[in-house]
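J.: Same order as they appear, the protein sequences are chains A and B. Here the first sequence stands for residues 6 to 201, where the numbers follow my numbering. Here the second sequence stands for residues 6 to 201, where the numbers follow my numbering. By construction, the Cβ of each residue, glycine as well, lies at the ideal position given by its N, Cα and C atoms. Values in this document were obtained by computation on a predicted structure and should not be read as measured data. Below you'll find the structure I mean.
There are 2 protein chains.
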Amino acid sequence: MGTGNGPADPAERPASGLITLIATAIRREREGAGLSLTELARRAGIAKSTLSQLESGSGNPSVETLWALGVALGVPFSRLVDPPRPRIRVVRRGEGPVTHSDQADYSAALLAAGATHTRRDLYRIDASPGRPRLSEPHLPGTTEHVVLCTGRALAGPTEEPVELDPGDYVAYPGDAPHLFEALAPDTTAVIVTDHI
Amino acid sequence: MGTGNGPADPAERPASGLITLIATAIRREREGAGLSLTELARRAGIAKSTLSQLESGSGNPSVETLWALGVALGVPFSRLVDPPRPRIRVVRRGEGPVTHSDQADYSAALLAAGATHTRRDLYRIDASPGRPRLSEPHLPGTTEHVVLCTGRALAGPTEEPVELDPGDYVAYPGDAPHLFEALAPDTTAVIVTDHI
DNA sequence: TCCACCCGTTCGGCTTGACGAACGGGCACC
DNA sequence: GGTGCCCGTTCGTCAAGCCGAACGGGTGGA
């Protein structure tokens, strides 16, 4: 996952780390939702003692328990087993892990590798210079990925936008105010949003 | 998940459904990886009896057990708790559900709306005419989305590729042979792959 | 002050997941 | 045919998750 648990490296994440991760994730989500431990336990249909122990890190819950918590919290399962996420990231054209094909004149740059369990919307953008397009924050946990195709643009968090040339890539939290402003005519871009 | 566990609907997925889902997912992934039950249990460090019972649907494993299996199988956690998935789709520049901004000269076309719980990799492609780049099938359930930025290209399933002009979009199964062939110099594209 | 309420933690019990060992079946090899 | 190996399943034991109940602490109202 994306968080990946990804590769088959057995040492990838110590089990003990897993449960503390879950413990903190549950508490974080619960407090973020403004729920008391008692109330969450009630909604999830589990004993509050169970939840208390989980949050204290004496864990290893069953999937059903964890699932019930995810449902009650209204968050994806993955949110509870995946670590917090990074911030703004820029990959300029020519930068990044590029792989070349020996078959053809073809190169591919991996810009963002699969955070798991995300909902993903894919947009094509056409814009021209003018007032910037401001976006109010989306749902918590949202990330936006922008690849500029043609033209020039300013994109990213409102307080620290990034200037992009064709081929440039930027990712930033979508759950904070952000903007997209074309700086040249015929500016096109691809935007991928993932709401966890 | 979109499966979602998403909303706080307690009845969202019967617990029994969850475990049969996990059961079939484990078996599917294991057989897909060409592993015997015994071998997988050994790699995951769990008793094969445990695994046997899990695959038979008498389950509710602990997260540590499930995590160990995910690691041993080299698949994201989510793969084990999410259900299986559509076909080729083309959206030409100017087609599709386009929304215009009143703030700025800006339009966004929704190309692909969030199938949930997918792993998503985002690539930028630079290619020139020559031999097409052929791809062997990826993992089952994979979908590729291509948006052409500049140039011209032929992309899609090997047996029915689609010619793309700048701004065009195509999505197709990534678990069948497919290709990407630049038809003009300086062809650039954005490719998003989602492996469930 | 007293009481009622809700918070989160702790404590026995009951249930159940995880384990190792034993079992039957299929296959290759001698 | 006999033997050895690995497959996947089943069984009995043990540990641990989950539960309800009881507990102490904090807060607001009568």
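(1) Among A/127, A/182 and A/32, which one has its Cα closest to the Cα of residue 139 of chain A?
(2) Give the DSSP bridge partners of residue 196 of chain A, in chain order.
(3) Less than 8 Å between the C-beta atoms of residue 189 of chain B and residue 161 of chain B, yes or no?
(4) Can you pull the DSSP bridge partners for residue 182 of chain A?
(5) Expressed to the nearest angstrom, what Euclidean distance is found between the alpha-carbon atoms of residue 62 of chain B and residue 54 of chain A?
(6) Tell me whether the region 71-83 of chain B and the region 38-58 of chain B touch, counting them as touching only if at least three CB pairs, one residue from each stretch, are closer than 8 Å.
(7) So, for residue 194 of chain A: in the same chain, excluding its five sequence neighbours on each side, which residues have a beta-carbon less than 7 Å away from its beta-carbon?
(8) Label residue 105 of chain B either buried or exposed according to how many other C-beta atoms from any shown protein chain fall within 10 Å of its C-beta, with 16 as the threshold for buried.
(9) Which residues of chain B have a Cβ atom closer than 7 Å to the Cβ of residue 174 of chain A, listed in chain order?
(10) Roughly how many angstroms lie between the CA atoms of residue 115 of chain A and residue 198 of chain A, to the nearest whole one?
(11) What first and last residue would you give for the alpha helix (DSSP H) that runs through residue 75 of chain A?
(12) Which chain A residues sit within Cβ distance under 9 Å of residue 27 of chain B?
(13) Let me see if you follow: with CB-CB separation under 8 Å, is residue 197 of chain A close to chain B or not?
(14) Distance cutoff 8 Å, beta carbons only. Does residue 193 of chain A sit that close to anything in chain B?
(15) What does residue 152 of chain B touch in chain A if you count any residue whose Cβ is under 8 Å from its own?
(16) Is residue 167 of chain B close to chain A? Criterion is C-beta to C-beta, closer than 8 Å.
(17) If the cut is a Cβ gap below 7 Å, which residues of chain A does residue 71 of chain B touch?
T.: So, to answer that:
(1) A/182
(2) A/128 and A/151
(3) no
(4) Beta-bridge pairing links residue 182 of chain A to no other residue.
(5) 28 Å
(6) yes
(7) 130, 151, 152, 153, 154 and 158
(8) Residue placement at residue 105 of chain B cannot be trusted, given a pLDDT of 43 that sits under 50; what the coordinates show is reported in the next sentence. Exposed: under 16 other Cβ atoms inside 10 Å.
(9) 129
(10) Low local confidence applies: a pLDDT of 44 at residue 115 of chain A is under 50, so the model's placement there is unreliable, with the coordinate-based value given in what follows. Between residue 115 of chain A and residue 198 of chain A, the C-alpha separation is close to 16 Å.
(11) 68-78
(12) 68
(13) yes
(14) yes
(15) 127, 129, 154 and 195
(16) no
(17) 68
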